[in-house]
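Contents: one structure, followed by commentary.
2 protein chains.
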Amino acid sequence: MARPSDQAKRRDLTDRVRAYLVRNGLAGLSLRPLARALGTSDRMLLYYFGTKEGMVAEALALDERRPLVQARAVFDSAESPRDPAGIRRFMEETWQRFGAPDLRPALPLYMEIMAAGLIDPDRYGPVLRDVLAEWTDLLASAFRGLGMREAPARTEAALLVDATFGLLVASLAEGGREQADAAFHALLDRLEPGWHVT
Amino acid sequence: MARPSDQAKRRDLTDRVRAYLVRNGLAGLSLRPLARALGTSDRMLLYYFGTKEGMVAEALALDERRPLVQARAVFDSAESPRDPAGIRRFMEETWQRFGAPDLRPALPLYMEIMAAGLIDPDRYGPVLRDVLAEWTDLLASAFRGLGMREAPARTEAALLVDATFGLLVASLAEGGREQADAAFHALLDRLEPGWHVT
DNA sequence: ATATGCATGTAGCGATCGCTACGGTAAAAA
DNA sequence: TTTTTACCGTAGCGATCGCTACATGCATAT
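Same order as they appear, the protein sequences are chains V and E. Positions 1 to 198 (this note's numbering) are the ones given, in order, by the first sequence. Positions 199 to 396 (this note's numbering) are the ones given, in order, by the second sequence.
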């Protein structure tokens with residue numbers, strides 16, 4: 001039985017599966033409780049998605065790289081940051097975006113996927129590495145645009161990205177964002193002077 | 199059936215369960231494959247540990263807080279860092295410790311537990327928060343010892359801890375440590391000047 | 001020599017897993 | 001009107017799950 005490719009019901013179901021995954025994670029995921037919560041049956045989930053694995057892949061595919069895509073959109077559009085203040089503004093906007101109510105609730109799920117990739121690289125393996133690498137590449141090019149050489153630009157970008165990532169995780173763990181917000185801006189205060197190369 | 203409390207076999211089994219968990223994670227953990235890998239039977243695991251949950255708890259209990267404990271040991275013993283250079287040395291030693299072959303292989307498992315706690319705070323909930331909080335408290339006291347006021351000391355400590363955490367995760371994701379090492383030392387280079395308050 | 005208790009094998013229980021077979025309804029297409 | 005196509009309920013398969021009941025060898029204590 002060929003699966004329907006792009007029905008409205010299927011789209012709707014995909015969204016609701018994703019919402020369920022965001023709330024419940026991937027760990028103990030089971031088709032029957034999921035179907036019950038969605039007001040349907042496991043039979044229907046498999047009818048639309050073929051397999052459980054396919055369902056998860058499809059439900060996450062739309063959002064999987066969204067944080068990155070959004071960042072690249074901000075980066076490429078508007079004004080590509082060509083000066084230290086622009087890079088700082090870009091980072092602040094990105095930080096704020098991660099706190100927005102449409103993205104922030106999904107972050108724990110991404111964290112679970114990234115952690116799973118650390119243990120079993122064959123499954124969700126490159127997600128975390130790819131996300132960090134793309135962000136780092138993005139910012140490294142910005143730092144090169146400021147006149148930095150290749151190696152320092154990469155190091156500076158890696159520092160900025162990885163440190164921000166750590167602050168993001170911490171803000172999720174703490175619940176509130178105040179302390180992480182303060183630390184994030186302190187980070188920018190400390191790093192920005194190094195971007196003014198001549 | 200009362201479980202034996204502290205036999206040698208039990209200890210040995212606990213260690214080997216932990217080693218298995220470090221390699222395979224918690225996600226799809228099943229008693230029978232675990233027992234097979236350990237050359238015993240699920241029957242025996244339950245005989246010694248009572249339940250699967252108890253087994254996991256016991257296998258992880260010894261190591262669960264070890265990174266933190268070791269850090270506190272380093273911090274409290276030797277010389278409690280009382281100057282910026284001492285804090286920097288402490289951070290460098292800690293960073294190196296996380297790269298040591300006895301600790302580093304276990305970090306992905308801790309990441310999995312921490313990520314799980316983000317999604318379901320009732321289960322492994324406070325692990326990540328507690329670890330970050332204790333580290334932050336530790337360093338905040340050191341910064342207060344340098345003459346900082348309460349709020350800046352907390353922010354500086356949170357920045358240092360969370361950023362280091364992010365760099366640590368990145369180093370796990372990348373496989374190699376070179377880039378994260380460079381970024382870590384760059385981080386210290388940028389932060390240390392701020393510790394010289396008068 | 002007998003009794004007690006730890007250690008372990010065999011067998012299986014009830015539940016749940018992902019998934020499938022089969023049949024049916026209703027609407028659209030021919 | 002007939003045939004196709006999308007949708008969905010019922011029932012169950014084989015596998016695996018955590019866990020338990022029961023029996024037994026073996027060692028030590030009495």
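Where a beta carbon is used, it is the ideal one built from N, C-alpha and C, also for glycine. Nothing here was measured: the structure is a model prediction, and the numbers come from that model.
Find the nearest neighbour of residue i within the set the options, judged by alpha-carbon distance.
{"i": "residue 384 (chain E)", "options": "V:84, V:118, V:153", "result": "V:153"}
{"i": "residue 328 (chain E)", "options": "E:238, E:359, E:394", "result": "E:359"}
{"i": "residue 194 (chain V)", "options": "V:132, V:60, V:87, V:182", "result": "V:87"}
{"i": "residue 39 (chain V)", "options": "V:97, V:60, V:55, V:16", "result": "V:16"}
{"i": "residue 104 (chain V)", "options": "V:7, V:192, V:19, V:13", "result": "V:19"}
{"i": "residue 365 (chain E)", "options": "V:155, V:188, V:172", "result": "V:155"}
{"i": "residue 235 (chain E)", "options": "E:219, E:357, E:279, E:342", "result": "E:219"}
{"i": "residue 164 (chain V)", "options": "V:175, V:145, V:141, V:191", "result": "V:191"}
Can you list, in chain order, the residues of its chain whose CB lies under 6 Å from that of residue i, leaving out five sequence neighbours each side?
{"i": "residue 411 (chain E)", "result": "The first residue shown for chain E is 199 and the last is 396, placing residue 411 (chain E) beyond what the model contains."}
{"i": "residue 240 (chain E)", "result": "229, 230, 233"}
{"i": "residue 315 (chain E)", "result": "322, 323, 325, 326"}
Distance cutoff 8 Å, beta carbons only. Does residue i sit that close to anything in chain E?
{"i": "residue 32 (chain V)", "result": "no"}
{"i": "residue 16 (chain V)", "result": "no"}
{"i": "residue 25 (chain V)", "result": "yes"}
{"i": "residue 119 (chain V)", "result": "yes"}
{"i": "residue 197 (chain V)", "result": "no"}
{"i": "residue 143 (chain V)", "result": "no"}
{"i": "residue 176 (chain V)", "result": "no"}
{"i": "residue 90 (chain V)", "result": "no"}
{"i": "residue 139 (chain V)", "result": "no"}
Please classify residue i as buried or exposed, where buried requires at least 16 other C-beta atoms within 10 Å of its C-beta.
{"i": "residue 299 (chain E)", "result": "exposed"}
{"i": "residue 375 (chain E)", "result": "buried"}
{"i": "residue 30 (chain V)", "result": "exposed"}
{"i": "residue 151 (chain V)", "result": "exposed"}
{"i": "residue 334 (chain E)", "result": "buried"}
{"i": "residue 2 (chain V)", "result": "Note that residue 2 (chain V) has pLDDT 42, beneath the 50 cutoff, so the model's placement of it is unreliable and no number is given."}
{"i": "residue 255 (chain E)", "result": "exposed"}
{"i": "residue 85 (chain V)", "result": "exposed"}
{"i": "residue 206 (chain E)", "result": "exposed"}
{"i": "residue 96 (chain V)", "result": "exposed"}
{"i": "residue 158 (chain V)", "result": "buried"}
{"i": "residue 290 (chain E)", "result": "exposed"}
For the alpha helix (DSSP H) holding residue i, just list the boundary residues, first then last.
{"i": "residue 10 (chain V)", "result": "8-24"}
{"i": "residue 185 (chain V)", "result": "178-191"}
{"i": "residue 106 (chain V)", "result": "Where residue 106 (chain V) is concerned, there is no enclosing alpha helix (DSSP H), given that its DSSP letter is neither H nor E."}
{"i": "residue 41 (chain V)", "result": "Element bounds for residue 41 (chain V): n/a, residue is neither H nor E."}
{"i": "residue 292 (chain E)", "result": "282-297"}
{"i": "residue 329 (chain E)", "result": "324-343"}
{"i": "residue 347 (chain E)", "result": "Per DSSP, residue 347 (chain E) belongs to no alpha helix (DSSP H) and is neither H nor E."}
Does any CB atom of chain V fall closer than 8 Å to the CB of residue i?
{"i": "residue 200 (chain E)", "result": "Reliability of the predicted coordinates at residue 200 (chain E) is poor, the pLDDT of 42 falling under 50, and the value obtained from them is presented with this limitation in mind. Taking Cβ atoms only, chain V never reaches closer than 8 Å to residue 200 (chain E), which makes this a no."}
{"i": "residue 330 (chain E)", "result": "yes"}
{"i": "residue 295 (chain E)", "result": "no"}
{"i": "residue 346 (chain E)", "result": "no"}
{"i": "residue 354 (chain E)", "result": "yes"}
{"i": "residue 211 (chain E)", "result": "no"}
Which residues in the same chain as residue i place their Cβ atom closer than 7 Å to its Cβ, once the five residues preceding and following it in sequence are excluded?
{"i": "residue 345 (chain E)", "result": "395"}
{"i": "residue 253 (chain E)", "result": "215, 243, 247"}
{"i": "residue 250 (chain E)", "result": "229"}
What residues in its chain sit with their C-beta under 8 Å from that of residue i, if we drop five residues either side in the sequence?
{"i": "residue 378 (chain E)", "result": "365, 366, 368, 369, 372"}
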